[in-house]
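What follows is a short report on a single structure.
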């Protein structure tokens, strides 16, 4: 019995020492070489938060992972049949070790609960962590409600250094994203440009089927549902390029439904926005009044013919694509 | 059957299965050219523009879906319009496009497509007159668009008067009501780029985006740039 107990203690000590060394080396290597490169990067607060969360998860997972691996390797090496031709099949060697069991359950429970708390705090602190929060966001950054109301009223303003929330509308349709900027006359464009160091309120909707707006490097993902305004927040940090992809299978050209976007300096954004607003003046006048959602023609805009000069005009607001007269 | 024979059979069957899976995956991932490819690179002199002529018809009038709307391409060799809408084009080359639009139009679901974008000069001509945007809520509306999303090309194709007797059997001749739209764009580097119509013109399908809008070679295809 004493021999078995001594042997167990020796095994446990060796396993612990090996585990400790491997874990320390692994953690140091990860945090110094890998952590800062973990996607989605740090272009926005939400992306940085995602990266930090991934890193924390990895940091906590590594000791557990290495613990399992070291134990397996040790068992395969030291407790193999070759080294132990007559292994003990019962008795003290097979008996439960209460302290180990309690420690395992306690440690893993604490880790899981801690990570749950971290994740929950992240949702609140990062205003939804870049996820679509629906039309009535639970977590809104300061000034967002006012900016959204002003956008709808056509009175929103933004300028470099104003520290105001910038609402940007994302309109998904088969098979392309377009973007409206209510702060700049409501022009619509295929380009997504954002100013750095600015809180952005993405208002995501669809003109037809369900799409999903996924700006990966921004840490933003929000479903685009017809006639629903799905709001997602993020705060841009540094200039850079990012990709937008549809992440909801939406038809034959779903795979081609992507575009690139840019985070630029506030002055560059202002210049671009004012220039585009001016260049698109004529087309903007033909767009429906800015609204959070639009009612497309369920028959398809070209779903029927109409007589020349007898087109049903747009309603004054909220309608993309006039209803077709009965053909 | 001996153990080695059985093992051999298993290995052969395994390899066949793996081969079939790889072939299927490759076929799925490789852009298809179901309607064939119209070659504009053959005999093309470097630096010279390519002339691409297409027509849009309200109903193609033949094939498995005679009522479907479709594009047709003028074969540069024979001069005849054919139902092949994947084009092999030289890289970094100006393509002069002429569209014979035989279909009627309607208001756009999204007037954003009413802008001419990505063409040389961001402009096009409609029956000889330049335009950079078209208000689809007026006149005959927009029938289709010609768009190459990867390079930002989007051109609204203004519809013809729907009250006239429209061509219902492709290829359509110029004796039928039509508009002529011209524009130019520059091809990007080698690669496969999809082109498509963004007007939901699949009559009778949900939101107009099924049928010909979801079937290659009708309202979309590829640019195989070499």
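Protein chains in written order, with my numbering: chain L, 2 to 328; chain P, -15 to 210.
Think of the CB as a built atom: it goes at the ideal place given N, C-alpha and C, for glycine as much as any other residue.
Note that the coordinates shown come from a computational prediction; the quantities given were computed from them, not determined experimentally.
DSSP-derived helix/strand/coil call for residue i
| i | result |
| --- | --- |
| residue 241 of chain L | strand |
| residue 303 of chain L | With a pLDDT of 36 at residue 303 of chain L, under the threshold of 50, the modelled position of that residue is not reliable, and no figure is offered here. |
| residue 78 of chain L | helix |
| residue 68 of chain P | coil |
| residue 33 of chain P | coil |
| residue 37 of chain L | helix |
| residue -11 of chain P | helix |
| residue 48 of chain P | coil |
| residue 187 of chain P | coil |
| residue 85 of chain L | coil |
| residue 16 of chain P | Low per-residue confidence applies at residue 16 of chain P: pLDDT is 47, beneath 50, and the placement is therefore not dependable, though the value from the model is reported in the following sentence. Note: residue 16 of chain P maps to coil in three-state DSSP. |
| residue 321 of chain L | Interpretation of residue 321 of chain L is limited by its pLDDT of 41, a score under 50 that renders its predicted location unreliable; no figure is taken from the coordinates. |
| residue 293 of chain L | coil |
| residue 99 of chain P | strand |
| residue 2 of chain P | helix |
| residue 18 of chain L | helix |
| residue 269 of chain L | helix |
Assumed close pair residue i, residue j - CB separation to whole angstroms, cut-off 8 Å
| i | j | result |
| --- | --- | --- |
| residue 191 of chain L | residue 260 of chain L | 7 Å |
| residue 88 of chain P | residue 150 of chain P | 6 Å |
| residue 23 of chain P | residue 99 of chain P | Going by Cβ atoms, the distance from residue 23 of chain P to residue 99 of chain P rounds to 32 Å, so no, they are not a contact pair. |
| residue 152 of chain L | residue 168 of chain L | 4 Å |
| residue 291 of chain L | residue 161 of chain L | Wrong, their Cβ atoms sit about 23 Å apart, outside the cutoff. |
| residue 210 of chain L | residue 251 of chain L | 5 Å |
| residue 256 of chain L | residue 243 of chain L | Wrong, their Cβ atoms sit about 19 Å apart, outside the cutoff. |
With 16 other Cβ atoms within 10 Å as the buried cut-off, status of residue i
| i | result |
| --- | --- |
| residue 44 of chain P | buried |
| residue 159 of chain P | exposed |
| residue 110 of chain P | buried |
| residue 187 of chain L | buried |
| residue 312 of chain L | Legend: pLDDT at residue 312 of chain L = 35, less than 50; position of this residue unreliable, no value from coordinates given. |
| residue 307 of chain L | Any reading at residue 307 of chain L is ruled out, since the residue's pLDDT is 27, under 50, leaving its predicted position unreliable. |
| residue 245 of chain L | buried |
| residue 18 of chain L | exposed |
| residue 122 of chain L | exposed |
| residue 14 of chain L | exposed |
| residue -15 of chain P | exposed |
| residue 10 of chain L | exposed |
| residue 40 of chain L | exposed |
| residue 5 of chain P | exposed |
| residue 153 of chain P | exposed |
| residue 170 of chain L | buried |
| residue -2 of chain P | exposed |
| residue 76 of chain P | exposed |
| residue 52 of chain P | buried |
For residue i, the first and last residue of its enclosing alpha helix (DSSP H)
| i | result |
| --- | --- |
| residue 197 of chain P | Careful: residue 197 of chain P lies outside any alpha helix (DSSP H) and carries neither H nor E. |
| residue 170 of chain L | First-last for residue 170 of chain L: 167 to 174, but that is the beta strand (DSSP E), not the alpha helix (DSSP H). |
| residue 126 of chain L | 99 to 126 |
| residue 146 of chain L | 145 to 154 |
Limits of the unbroken beta strand (DSSP E) element including residue i
| i | result |
| --- | --- |
| residue 284 of chain L | Counting along the chain, residue 284 of chain L falls outside any beta strand (DSSP E), though it belongs to the alpha helix (DSSP H) covering 282 to 287. |
| residue 249 of chain L | Where residue 249 of chain L is concerned, there is no enclosing beta strand (DSSP E), given that its DSSP letter is neither H nor E. |
| residue 215 of chain L | 212 to 216 |
| residue 166 of chain P | 163 to 170 |
| residue 75 of chain P | Looking at the DSSP string, residue 75 of chain P is not in any beta strand (DSSP E), and its letter there is neither H nor E. |
| residue 265 of chain L | 259 to 265 |
| residue 163 of chain L | Segment: none, residue 163 of chain L is in no beta strand (DSSP E) and carries neither H nor E. |
| residue 142 of chain P | 137 to 142 |
| residue 192 of chain P | That residue, residue 192 of chain P, is in no beta strand (DSSP E); it is neither H nor E in DSSP. |
| residue 193 of chain L | 193 to 196 |
| residue 56 of chain P | 54 to 58 |
| residue 23 of chain P | 21 to 23 |
| residue 128 of chain P | 126 to 132 |
| residue 230 of chain L | Here residue 230 of chain L belongs to no beta strand (DSSP E), and DSSP marks it neither H nor E. |
> Touching or not, the stretch 92 to 100 of chain P and the stretch 110 to 129 of chain P, by the rule of three or more beta carbon pairs under 8 Å?
Replying inline: yes
> Okay, do the stretch 166 to 183 of chain L and the stretch 132 to 140 of chain L touch, 3+ Cβ pairs below 8 Å being the bar?
Replying inline: no
>> With a threshold of 8 Å, are at least 3 pairs of Cβ atoms found where one atom belongs to the stretch 142 to 153 of chain L and the other to the stretch 112 to 119 of chain L?
In response: no
>> Does the structure place the stretch 14 to 29 of chain L close enough to the stretch 215 to 233 of chain L that three or more beta carbon pairs sit under 8 Å?
In response: no
> Are the stretch 138 to 150 of chain P and the stretch 26 to 38 of chain P in contact at 8 Å, needing three or more beta carbon pairs?
Replying inline: Flag = no, the stretch 138 to 150 of chain P and the stretch 26 to 38 of chain P do not touch.
> Within the chosen definition, does the stretch 159 to 172 of chain P reach the stretch 77 to 85 of chain P through at least 3 CB pairs nearer than 8 Å?
Replying inline: Touching, yes, given that three or more Cβ pairs across the two stretches are closer than 8 Å.
> Does the stretch 68 to 83 of chain L come close enough to the stretch 261 to 277 of chain L that 3 or more CB-CB pairs lie under 8 Å?
Replying inline: Verdict: no, contact absent.
>> Quick check: the stretch 198 to 205 of chain L against the stretch 236 to 243 of chain L, are at least 3 beta-carbon pairs closer than 8 Å?
In response: yes
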